[in-house]
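Using the UniProt record's numbering, the letters of the sequence shown map in sequence onto residues 1 to 367.
Reviewing the structure listed below.
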Amino acid sequence: MATSLIRRLFLLVVTAIMTCCIAPAAEVSDFDSINLYTLTNQNNMVVKITNYGATITSIIVPDRNGDMADVALGYDNVESYINAANRPYFGSVVGRYGNRIAQGQFTLDGKEYTLATNDGENHLHGGQMGFDKVVWDAERVDNGVKMTYRARDGEEGYPGNLTLSVSYTLTNENAIVMHYEATTDKPTVVNVTNHTYFNLAGEGEPTINDHILRINASKFTPVDSGLIPTGELRDVAGTPFDFRAPKPIGRDLQSNDPQLQHGLGYDHNWVLDREEAGLELAATLYEAHSGRVLDVLTTEPAIQFYGGNFLNGNLIGKSGKPYQHRSGLCLETQHSPDSPNRPEWPSTTLRPGEKYETTTVYRFGVK
Ligand code: GLA
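What follows is the structure in structure tokens.
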């Protein structure tokens, strides 16, 4: 009785935070199990995560003067996450295969699989009802929350019942540690990542083109006009894709490199220069006005830098401001797109008895 009362009160508070008026949408039947979890640390950093899509909805961090701002794009109500036009994937986990698979097809152990296609003729971020569009189970863990989703054999066309968990923990070094684990009962492919859009000046600020970005990669994967890699690993040297030394994102955006036309800007995959397997610094983002710095560390082999090219001012964020073209950027740690069709690239296959395990860290600071 007491537990049920506490749970009801908790849900009420959560509901008040999440939305003024939650109404069931066709796709989601268990609204009562959608909650919002708030992580805080001793520096008053705040991270909010909902188990709808295992989505990071807010990241509130200090600037160099100690003034706090929310640097993650998103909404203040769950309905907007469910109904968002053009599906921006704000803050969500994307998968079972984050990024694109050409024509939604791949062959595994001699068997051909056909996936849902939801990006022209290609498969993107797990299909029509990817991991961003489902309700995850959630449990509290030390300094964080762990979310689990059980994807069915055949869901969106993928083989194998997949059990995937992601734990989010917040450290006193202002780092969000995301640890993913998965197992399967049939051979399958897995490539999950977090799709947070950052604006280190604060969400709702008009552009990220003045942010300074460094990516620890000397090669990237050129793409065709459908953003499917051609198979080439191209040197970044002498191209607008060279972020080995920190550079403002907007500096080379007007270049007439055909790759920038295919991506409508930056929407490409960089293959990380790794010293060894393990957690390594992949990218650093800096915004000079606030002094905020974001380091992205990962165990993954590659990173997609997406410059918010599809934002067009139609989506209104938490602060009531429209999210303008290129007002947020994603740094999605992952395997390269279409890897299931590129046997020469690091494998994304997961087999029964194996464990998929990756870690990515968003670490905030100032300078
Ligand atoms: C990814 C893709 C982009 C776009 C966004 C969502 O980052 O690479 O092309 O689909 O997701 O808008």
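Glycine included, C-beta positions come from ideal geometry on N, C-alpha and C.
Everything numeric in this text was worked out from a predicted model, so none of it was measured.
| Item | Value |
| --- | --- |
| In three-state terms, what does DSSP make of residue 192? | coil |
| When every heavy atom of the ligand GLA is checked, does at least one fall within less than 7 Å of the C-beta of residue 267? | yes |
| What are the start and end residues of each continuous beta strand (DSSP E) run of 3 or more residues lying completely inside the region 128-152, in chain order? | 137-141, 144-151 |
| Provide the residue span of the alpha helix (DSSP H) that contains residue 83, from first to last. | 78-83 |
| Residues in the same chain with beta-carbon distance under 8 Å from residue 236, minus the five sequence neighbours each way, listed in chain order, please. | 217, 218, 219, 220, 242, 243, 244, 270 |
| Can you tell me the Cα-Cα spacing of residue 66 and residue 248, whole angstroms? | 24 Å |
| Taking three-plus beta-carbon pairs below 8 Å as touching, is the region 76-96 in contact with the region 33-53? | yes |
| Got a sec, what are the start and stop residues for the beta strand (DSSP E) residue 261 sits in? | It is not in any beta strand (DSSP E) - residue 261 instead sits in the alpha helix (DSSP H) that spans 258-262. |
| Using a threshold of 7 Å, is the CB atom of residue 88 nearer than that to any non-hydrogen atom of the ligand GLA? | yes |
| In chain order, which beta strand (DSSP E) runs of at least 3 residues are fully inside the region 234-321? | 267-271, 280-286, 292-298, 302-306 |
| From residue 329 to residue 188, what does the alpha carbon distance come to, in whole angstroms? | 30 Å |
| Let's see if you can read the secondary structure: which residues bound the beta strand (DSSP E) around residue 334? | 329-334 |
| Per DSSP, what kind of secondary structure is residue 157 in: helix, strand or coil? | helix |
| What residue from 231, 258, 61 has the CA that sits closest to residue 344's CA? | 231 |
| For residue 99, is the beta carbon positioned less than 7 Å from some heavy atom of the ligand GLA? | yes |
| Is the beta carbon of residue 192 less than 8 Å from the beta carbon of residue 227? | no |
| Excluding the 5 residues flanking residue 185 on each side, which residues of the same chain have their C-beta closer than 6 Å to its C-beta? | 160, 161, 352 |
| What separation, rounded to the nearest whole angstrom, lies between the Cα atoms of residue 365 and residue 43? | 11 Å |
| Which stretch, first to last residue, makes up the beta strand (DSSP E) that contains residue 68? | 68-70 |
| Tell me which residues share the same chain as residue 108 and place their Cβ nearer than 6 Å to its Cβ, disregarding the 5 neighbours each side in the sequence. | 187 |
| Just to confirm my understanding: we take residue 321, look at its own chain, exclude 5 residues before and 5 after, and list those with CB closer than 6 Å. What are they? | 204 |
| When burial is assigned at 16 or more other CB atoms within 10 Å of the CB, is residue 133 buried or exposed? | buried |
| Over what stretch of residues does the beta strand (DSSP E) that includes residue 105 continue unbroken? | 105-108 |
| Along the chain, where does the beta strand (DSSP E) containing residue 175 start, and where does it finish? | 175-184 |
| Exposed or buried, what is residue 123 when buried is set at 16 or more other beta-carbons lying within 10 Å of its beta-carbon? | buried |
| Distance check for residue 289 and residue 94, CA to CA, integer angstroms please. | 31 Å |
| Measuring alpha carbon to alpha carbon, tell me which residue in 145, 119, 263 is nearest residue 305. | 263 |
| Taking only the alpha-carbon atoms, compute the straight-line gap between residue 22 and residue 76 and give it to the nearest angstrom. | Note on residue 22: pLDDT 25, under 50, position unreliable in the model; the coordinate value appears next. Residue 22 and residue 76: Cα-Cα distance of roughly 12 Å. |
| Based on the DSSP output, what are the partners of residue 100 in its beta bridges? | 124 |
| What do you reckon, are the CB atoms on residue 368 and residue 166 nearer than 8 Å? | No information on residue 368 is available, as it lies outside the stretch 1 to 367 that the chain covers here. |
| Measuring CB to CB, does residue 265 end up less than 8 Å from residue 210? | no |
| What residue from 298, 309, 311 has the CA that sits closest to residue 177's CA? | 298 |
| CA-CA distance, residue 170 and residue 60? | 12 Å |
| Could you tell me whether any non-hydrogen atom of the ligand GLA is closer than 7 Å to the CB of residue 203? | no |
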